[in-house]
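Q:
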Amino acid sequence: MNSRRLLSGCWIEVRQRISSMRFIGTVILMIALVAATATGIDRLMIDTQEWITPWMAPNIIDNAHFVMTYGFAMCYMYSDVPFMQKTELYKIVRKGKKRWCAEKILAISLQGLIMAILTIGMTILIFLPRVQFDWDWGKVIYTLAYSNSIYKYNIVARGSQAVIDKYQPIQAMLICFLMLWLEITLLGIFMFTLSLYINRTLAVAVSIAIIAMQMTVYLAPLMRVLVYILPFYWCRMSIYGQQAFLDIYYPSFAYCLIASILGLVICVTAAMLRIRKKEFIWNNEE
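Quick note on this note's numbering: the sequence shown kicks off at 1 and runs consecutively.
(1) With distance defined between alpha-carbon atoms, name the residue in Trp100, Val206 and Pro129 nearest to Pro54.
(2) At the level of alpha carbons, what is the spacing between Tyr146 and Ile170?
(3) So, at 8 Å on beta carbons, what are the nonlocal neighbours of Leu6 in its own chain, with the 5 sequence-adjacent residues on each side left out?
(4) Return the residue from the list Ala205, Ser19, Phe66 and Tyr233 that minimises the CA-CA distance to Val217.
(5) So, are the CB atoms of Ser109 and Thr185 less than 7 Å apart?
(6) Give me, in chain order, the residues of the same chain whose beta-carbon lies closer than 6 Å to that of Asn59; leave out the 5 immediate sequence neighbours on both sides.
(7) My understanding is that Arg140 touches Glu50, with C-beta atoms under 8 Å, so please give their C-beta distance in whole angstroms.
(8) Going by DSSP, what residue range makes up the alpha helix (DSSP H) through Phe127?
(9) Would the beta-carbon of Ile184 be found less than 6 Å away from any heavy atom of the ligand FMN?
(10) Hey, quick one: how far does the alpha helix (DSSP H) through Ala32 stretch, first residue to last?
(11) Among Val131, Asn154 and Tyr142, whose alpha-carbon lies nearest the alpha-carbon of Gln168?
(12) Leaving out five residues before and five after Cys176 in sequence, what residues of the same chain have Cβ atoms less than 8 Å from its Cβ?
(13) Just verifying my parser: in three-state terms, what is the DSSP assignment at Tyr240?
(14) Spatial neighbours of Gln132 within its chain, please: CB distance less than 8 Å, with the 5 preceding and 5 following residues excluded, ordered by chain position.
(15) If you compare alpha carbons, which of Met30, Thr48, Ala64 and Asn63 is closest to Tyr76?
(16) Candidates Ser252, Ser8 and Thr269: which alpha carbon is nearest Lys95's?
(17) What does Tyr249 pair with, by DSSP beta-bridge criteria?
(18) CA-CA distance, Tyr197 and Phe245?
(19) Return the bridge partner residues of Ile52 from the DSSP annotation.
(20) Excluding five sequence neighbours on each side, which residues of the same chain lie with their C-beta closer than 7 Å to the C-beta of Ile126?
(21) Among residues of its own chain, excluding the 5 on either side of Asn63, which ones have a beta-carbon nearer than 7 Å to its beta-carbon?
(22) How many angstroms separate the CA atom of Leu219 from the CA atom of Gly188?
(23) Please report the Cβ distance between Ser260 and Leu182, rounded to the nearest whole angstrom; I am assuming they are in contact, meaning their Cβ atoms lie under 8 Å.
(24) Using C-beta distances below 8 Å, list every residue in its chain close to Leu118, excluding the 5 sequence neighbours before and after it, in chain order.
(25) Is the distance from the Cβ of Ile239 to the Cβ of Tyr228 below 7 Å?
(26) Going by Cα to Cα distance, which pick from Ala212, Arg224, Leu262 and Arg17 is closest to Asp247?
(27) Give the range of the alpha helix (DSSP H) segment to which Tyr302 is assigned.
(28) Identify which residue in Asn154, Gln111 and Val206 has its Cα closest to the Cα of Asp42.
(29) Taking only the alpha-carbon atoms, compute the straight-line gap between Glu279 and Thr269 and give it to the nearest angstrom.
(30) Counting contacts by CB-CB distance shorter than 7 Å, is Lys95 in contact with chain B?
(31) Given a threshold of 16 other Cβ atoms within 10 Å of its Cβ, counted over all protein chains shown, does Val67 qualify as buried or as exposed?
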């Protein structure tokens with residue numbers, strides 16, 4: 001497989017996908033979600049006359065409602081898998097199945113990378129011009145995490161004491177970005193792989209169901225299992241290694257990272273094995 005041709009085809013695919021109305025719609029949803037989660041922080045800054053530092057991403061993404069809604073948005077972004085428009089069928093014949101599949105997998109990963117960058121960037125841009133640079137977390141984030149007198153602002157994205165105590169700001173931002181990118185990409189490649197084995201409708205339905213299972217994660221009988229098998233839940237940095245309930249503990253960061261990478265390897269391998277024997281129905285875009 002020619003690497004230059006593979007990367008060239010992947011870049012063309014990425015450009016098409018990030019210029020699509022589906023991707024643009026997902027970005028709009030993401031912006032609205034970040035804005036809704038950050039509600040009230042601007043009033044806190046005005047009242048305290050303190051500007052916020054650029055390190056809010058780990059605290060915003062740590063919100064359980066944000067993570068679940070964001071997961072649904074990513075399901076929408078990848079809901080056109082396996083990208084079987086009629087023009088794609090021509091590309092399969094011209095490029096071959098293996099190269100076509102590899103291009104799609106790389107494009108999914110790069111699209112996830114772009115979405116992760118945009119999301120992290122939006123958690124900074126949403127507070128402009130009231131942003132100041134500091135290597136520390138800053139007074140506003142400390143107030144969000146430790147103050148008990150901010151309930152009048154109806155703030156959704158409370159600062160996470162676990163994140164602030166355990167990580168330096170740059171370290172937390174890098175981990176937050178890495179996990180967000182991994183989980184977006186894992187979701188996309190999982191949907192792509194499942195659609196190759198069965199069909200697009202089931203791939204989308206199963207993915208939505210997995211994201212929705214986060215609503216039941218606090219039910220004690222299910223908690224022992226769910227916290228270890230729900231990838232998007234692992235974007236919440238405050239849970240790593242923490243006690244969830246009695247003798248139940250959340251997975252460590254090492255577990256979340258290794259499990260995410262292992263999931264990607266399994267899905268990519270399964271997709272490449274399936275594409276070799278896949279017989280396409282030329283009048284079916286599923």
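In this text, a Cβ means the ideal position worked out from N, Cα and C, and glycines have one as well.
A: Checking against the coordinates, here is how it stands:
(1) Here the question's residue 54 lines up with position 54 in the sequence shown. Measuring from the Cα of Pro54, the nearest candidate turns out to be Pro129.
(2) Residue mapping note: residue 146 aligns to position 146 of the sequence shown, counting from 1. Residue mapping note: residue 170 aligns to position 170 of the sequence shown, counting from 1. If you take the alpha carbons of Tyr146 and Ile170, they lie about 20 Å apart.
(3) Residue mapping note: residue 6 aligns to position 6 of the sequence shown, counting from 1. Excluding sequence neighbours, Leu6 sits near Arg99, Ala102, Glu103 and Leu106.
(4) The sequence position of residue 217 within the sequence shown is 217, counting from 1. Residue Tyr233 is the option with its Cα nearest to Val217.
(5) In the sequence shown, the residue the question calls residue 109 occupies position 109. In the sequence shown, the residue the question calls residue 185 occupies position 185. Yes, the Cβ-Cβ distance between Ser109 and Thr185 is below 7 Å.
(6) Along the sequence shown, read from residue 1 onward, the residue named residue 59 stands at position 59. Once the five neighbours on either side are set aside, the close Cβ partners of Asn59 are Ala157, Gly159 and Ser160.
(7) Your numbering for residue 140 matches position 140 in the sequence shown. Your numbering for residue 50 matches position 50 in the sequence shown. Residue 140 is actually Val in this sequence, not Arg. Confirmed, Cβ separation roughly 5 Å.
(8) Taking the first residue of the sequence shown as 1, we reach residue 127 at position 127. From DSSP, Phe127 is part of no alpha helix (DSSP H); its letter is neither H nor E.
(9) This structure does not include the ligand FMN; it has no bound ligands of any sort.
(10) One-based indexing of the sequence shown puts residue 32 at position 32. Segment Met21 to Thr37, the alpha helix (DSSP H) holding Ala32.
(11) By 1-based counting over the sequence shown, the position of residue 168 is 168. The option with the nearest alpha carbon to Gln168 is Tyr142.
(12) The residue you call residue 176 lines up with position 176 of the sequence shown. Counting only Cβ-Cβ distances below 8 Å, and skipping sequence neighbours, we find Ala57, Pro58, Ile61, Ile120, Cys235 and Met237.
(13) By 1-based counting over the sequence shown, the position of residue 240 is 240. Here Tyr240 sits in coil by DSSP.
(14) Taking the first residue of the sequence shown as 1, we reach residue 132 at position 132. The residues are Trp51, Ile52, Thr53 and Gly138.
(15) The residue you call residue 76 lines up with position 76 of the sequence shown. Closest option to Tyr76, Cα to Cα, is Met30.
(16) Reading the sequence shown from its first residue, position 95 is the one you call residue 95. Residue Ser8 is the option with its Cα nearest to Lys95.
(17) To locate residue 249, count along the sequence shown from 1; it is residue 249. Tyr249 pairs with Gln243.
(18) In the sequence shown, counting from the first residue as 1, residue 197 sits at position 197. In the sequence shown, counting from the first residue as 1, residue 245 sits at position 245. About 38 Å.
(19) What you label residue 52 is simply residue 52 of the sequence shown in a count that begins at 1. According to DSSP, which records beta bridges pairwise, Ile52 is partnered with Val131.
(20) In the sequence shown, the residue the question calls residue 126 occupies position 126. Closer than 7 Å at Cβ, skipping near neighbours: Val34, Ala35 and Ala38.
(21) What you label residue 63 is simply residue 63 of the sequence shown in a count that begins at 1. Taken in chain order, the residues that qualify are Thr37, Val156 and Ala157.
(22) Taking the first residue of the sequence shown as position 1, residue 219 is located at position 219. Taking the first residue of the sequence shown as position 1, residue 188 is located at position 188. Cα to Cα, Leu219 sits roughly 28 Å from Gly188.
(23) For this step, residue 260 is matched to residue 260 along the sequence shown. For this step, residue 182 is matched to residue 182 along the sequence shown. Yes, Ser260 and Leu182 are in contact; Cβ-Cβ is about 4 Å, under 8 Å.
(24) Reading the sequence shown from its first residue, position 118 is the one you call residue 118. Within the same chain, Leu118 has close Cβ partners Val27 and Met30.
(25) Taking the sequence shown and counting its residues from 1, the one referred to as residue 239 is at position 239. Taking the sequence shown and counting its residues from 1, the one referred to as residue 228 is at position 228. Contact flag unset, no.
(26) Here the question's residue 247 lines up with position 247 in the sequence shown. Ranking Ala212, Arg224, Leu262 and Arg17 by Cα distance to Asp247 puts Arg224 first.
(27) In the structure as shown, the chain starts at 1 and stops at 286, and residue 302 therefore has no counterpart that could be examined.
(28) In the sequence shown, residue 42 corresponds to position 42, counting from 1. It is Asn154 whose Cα lies nearest to the Cα of Asp42.
(29) Working through the sequence shown from its first residue, we reach residue 279 at position 279. Working through the sequence shown from its first residue, we reach residue 269 at position 269. When rounded, the distance between both Cα atoms is 18 Å.
(30) The question asks about chain B, but that chain is absent: this structure has only one protein chain.
(31) Numbered from its first residue, the sequence shown carries residue 67 at position 67. The residue in question, Val67, is buried, as its Cβ has 16 or more Cβ neighbours within 10 Å.
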